[in-house]
Amino acid sequence: MKFTKQLSLNLKRNTLLGALMISAGVAAADPQLTSWLTTYSGKYARIYTSDVNRTNGTAVTTWSTGATTQSSPVYCSVREICYSANWIYLRTSGLGSHTMGPWYLNAAHTQAFPSYPINSKTFYRIPRAPATNGTHALTGLGAIGYFVDGVAMYDSRDAFYWNGTTEANGAGSWNRDAYVNESQTFDPAYAHQPGSGQYHYHANPIALRYLLGDHVDFNVTTKIYSEATNAVTKHSPIIGWCRDGFPIYGPYGYSTATNSGSGVRRMISGYTLRDGTSGTDNLATNATSRPAIPAWATRAGESAGTGPAVSSSYPLGRYLEDKAYLGDLTNSLTGQKYQQGVDFDLNEWNTRWCVTPEFPAGTWAYFTSIASNGTPVFPYNIGRTFFGNATGNTVTSFGETVTTNFVGGGNLTSTLAAPVVSNSIVTLSWSASEGGTYRVEATTNLTSWTTNASGLAAVLNQGTTTTAATTKQFFRVARTALATYDTN
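With positions in the sequence shown counted from 1, the corresponding number in the working numbering is that position plus 1049.
The structure is reproduced here in structure tokens:
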């Protein structure tokens, strides 16, 4: 038997107005291009709207609540990746490849969250040559980078701070910790969205890590993710890219930063709670206020200021500034400052210089921070400031010649998998765009083609059909229709 993977697809491409040229091509292996999760880009985004629907596995592809409505299906994850000498360009719906939701306002899950995620229609660029000039800009509100599934990365704050009298929207000396104050609103993937509908992570993107094959388990009954309890056997994958162009990895790296043969273990954050241990001051002993921001916050450019006294209303850990950087503290056992690479792994930006599978010669890299039981710990993904020059940003056009590395969603180029033959039955399968209808044609001479099967609807992001293997044949597949969807 002989078969080919010849394809015939008529794809509609978005037309960008303006003076630019896009040339198709395939780049050499490059982590900034190859690390993006494109496997599911032909699949509609889905959400669970309640715990009952989650446990029953009942998801929807359109939804509405409050001010956020997704009235048409939208493809999840990354839609397009292009590049130039200086930039990686990303188009994404901002919606996870995993099934998202549900979201609640309280830990008991009796109060529904007021918004759902929607297509963010994001066009973003990340620098190809990350660098640092010794200055470290504060992270801002909104996206500070993107995870490899095209979901936005937010910083450690929840957009509220202590203004000297009360907690108000904005940024100041005492900024509320998003994980501590908002985690009850996160879905099982540790993500949520504001009223604008931009789905995002503040901390460990556990569902993404599961899809990437990192050290995460998934309970198929409860649809809950958890850190695996067996021994860690491999380095975490790249899970995202920050605005400064440096990669962010999952929590596991090489034991010795510059030795790939040193074994793999969880990376230890450089921060600790200001509770009187590990050389910290004890904020709870001051009955009138939190007396001063920590040294790292001063270096970050935060203005000096006092916070509210530790109480049941303002518990210790509520603010980012309730944590101290170990590198500023003295180890009582040695009488010396705690040392990165000895007492902890990640500096105040949550980075270290290290070798990784993708960068065997070494790179500065962020790592997501978790405790030994998998609980996210401060500073989660990135410190209060960027390690490198944060030149990445949202754009409206290329403005230069670029090469297209990947196109997905409704413009996905289908690829036939190798045919499977069993008992004279051939099974054909191909990558597909959900909502698409496909036709399979066959020939014995590559000249005269006949329809083998038609009206084949994609199931999620795959098409499939079977046929009797009566003679040597070649096959090709064509998409004949595509349902309406929400575009970028």
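Positions of the beta carbon are idealized from the N, C-alpha and C atoms, including for glycine.
{"Item": "Quick one: what does DSSP say Leu-1477 is sitting in, helix, strand or coil?", "Value": "strand"}
{"Item": "Within the chosen definition, does the stretch 1380-1392 reach the stretch 1251-1270 through at least 3 CB pairs nearer than 8 Å?", "Value": "no"}
{"Item": "Classify Asp-1535 as helix, strand or coil using the three-state DSSP reduction.", "Value": "coil"}
{"Item": "By how many angstroms is the C-alpha of Gly-1299 removed from the C-alpha of Tyr-1228?", "Value": "17 Å"}
{"Item": "Tell me whether Asp-1079 is buried or exposed, calling it buried when 16 or more other Cβ atoms sit within 10 Å of its Cβ.", "Value": "exposed"}
{"Item": "How many Å lie between Asn-1335 and Leu-1261 at the Cα?", "Value": "46 Å"}
{"Item": "Measuring from the CB of Asn-1168, is there a heavy atom of the ligand FAD at a distance below 7 Å?", "Value": "With respect to the ligand FAD, the structure shown offers nothing to examine, as it has no ligands at all."}
{"Item": "Can you tell me whether Leu-1139 is buried or exposed? The criterion is at least 16 other CB atoms within 10 Å of its CB, across all chains shown.", "Value": "buried"}
{"Item": "Smallest Cα separation from Thr-1110: which of Asp-1100, Thr-1104, Cys-1125, Val-1101?", "Value": "Cys-1125"}
{"Item": "Using the Cα positions of Tyr-1538 and Thr-1515, report the straight-line distance between them to the nearest angstrom.", "Value": "Nothing can be reported for residue 1538, as the shown portion of the chain is limited to 1050 through 1537."}
{"Item": "Do you know offhand how far Ala-1532's Cα is from Ile-1297's?", "Value": "36 Å"}
{"Item": "Rounded to the nearest angstrom, how far is the Cβ of Tyr-1274 from that of Ile-1255, given a contact under 8 Å?", "Value": "4 Å"}
{"Item": "Quick check on Ala-1252: buried or exposed, where buried means 16 or more other Cβ atoms within 10 Å of its Cβ?", "Value": "buried"}
{"Item": "Looking only at its chain, what residues have a beta carbon closer than 7 Å to the beta carbon of Tyr-1534, apart from the 5 residues adjacent to it on each side?", "Value": "Ser-1121, Pro-1122, Val-1123, Tyr-1124, Gly-1459, Gly-1484"}
{"Item": "Run through DSSP, which three-state label would Val-1404 get?", "Value": "coil"}
{"Item": "From this set, Asn-1472, Ser-1338, Thr-1462, Ala-1178, which residue's C-alpha is nearest Ser-1480's C-alpha?", "Value": "Thr-1462"}
{"Item": "Express the C-alpha separation of Ala-1178 and Ile-1071 in angstroms, rounding to a whole number.", "Value": "For Ile-1071, the predicted model reports a pLDDT of 32, less than 50, meaning its position is unreliable; a value from the coordinates is still stated below. Between Ile-1071 and Ala-1178, the C-alpha separation is close to 21 Å."}
{"Item": "Using a Cβ-Cβ cut-off of 8 Å (strictly less than) and excluding sequence neighbours within five positions of Thr-1379, which residues of its own chain qualify?", "Value": "Gly-1328, Gln-1385, Lys-1386, Tyr-1387"}
{"Item": "Output the distance between the C-alpha atoms of Leu-1477 and Pro-1468, rounded to the nearest integer angstrom.", "Value": "5 Å"}
{"Item": "Would you report the Cα separation of Leu-1257 and His-1147, rounded to the nearest angstrom?", "Value": "7 Å"}
{"Item": "Taking Ser-1169 as the reference, give the member of Thr-1117, Ile-1175, Gly-1448, Gly-1213 with the closest Cα.", "Value": "Thr-1117"}
{"Item": "Going by the DSSP bridge assignment, what does Val-1119 pair with across the sheet?", "Value": "The sequence shown places Gln at residue 1119, rather than the Val named in the question. Answer by DSSP bridge pairing, in chain order: Trp-1112."}
{"Item": "By a C-beta neighbour count over all protein chains shown, 10 Å radius and 16 as the cutoff for buried, is Thr-1087 buried or exposed?", "Value": "buried"}
{"Item": "Would you tell me roughly how many angstroms separate the C-alpha atoms of Thr-1337 and Ser-1360, rounded to the nearest one?", "Value": "10 Å"}
{"Item": "My output table needs one value for Arg-1528: the three-state DSSP class, helix, strand or coil.", "Value": "strand"}
{"Item": "Kindly list the residues whose CB is nearer than 6 Å to the CB of Arg-1095, restricted to its own chain and excluding five residues on each side of it in sequence; keep chain order.", "Value": "Ala-1108, Thr-1110, Thr-1148"}
{"Item": "At the level of alpha carbons, what is the spacing between Tyr-1089 and Asn-1510?", "Value": "7 Å"}
{"Item": "What residue range is occupied by the uninterrupted beta strand (DSSP E) comprising Leu-1322?", "Value": "1320-1322"}
{"Item": "Tell me the residue span of the alpha helix (DSSP H) that contains Leu-1260.", "Value": "1255-1260"}
{"Item": "In three-state DSSP terms, what is Tyr-1363?", "Value": "coil"}
{"Item": "Could you tell me the distance, in whole angstroms, from the CA atom of Asn-1422 to the CA atom of Ala-1192?", "Value": "28 Å"}
{"Item": "Rounded to a whole number of angstroms, what is the C-alpha to C-alpha distance between Thr-1171 and Ala-1333?", "Value": "43 Å"}
{"Item": "Could you give the DSSP three-state label for Gly-1074: helix, strand or coil?", "Value": "Unreliable placement is indicated for Gly-1074, whose pLDDT of 37 sits below 50; the coordinate value is still reported in the next sentence. Coil at Gly-1074, not helix or strand."}
{"Item": "Going residue by residue through the stretch 1195-1268, where are the continuous beta strand (DSSP E) segments of at least 3 residues, counting only ones entirely within it?", "Value": "1206-1211, 1216-1218, 1223-1226, 1265-1268"}
{"Item": "Should the stretch 1302-1316 be called in touch with the stretch 1423-1433, which here means at least 3 C-beta pairs below 8 Å?", "Value": "no"}
{"Item": "Trp-1085 to Tyr-1487, Cα distance in whole Å?", "Value": "27 Å"}
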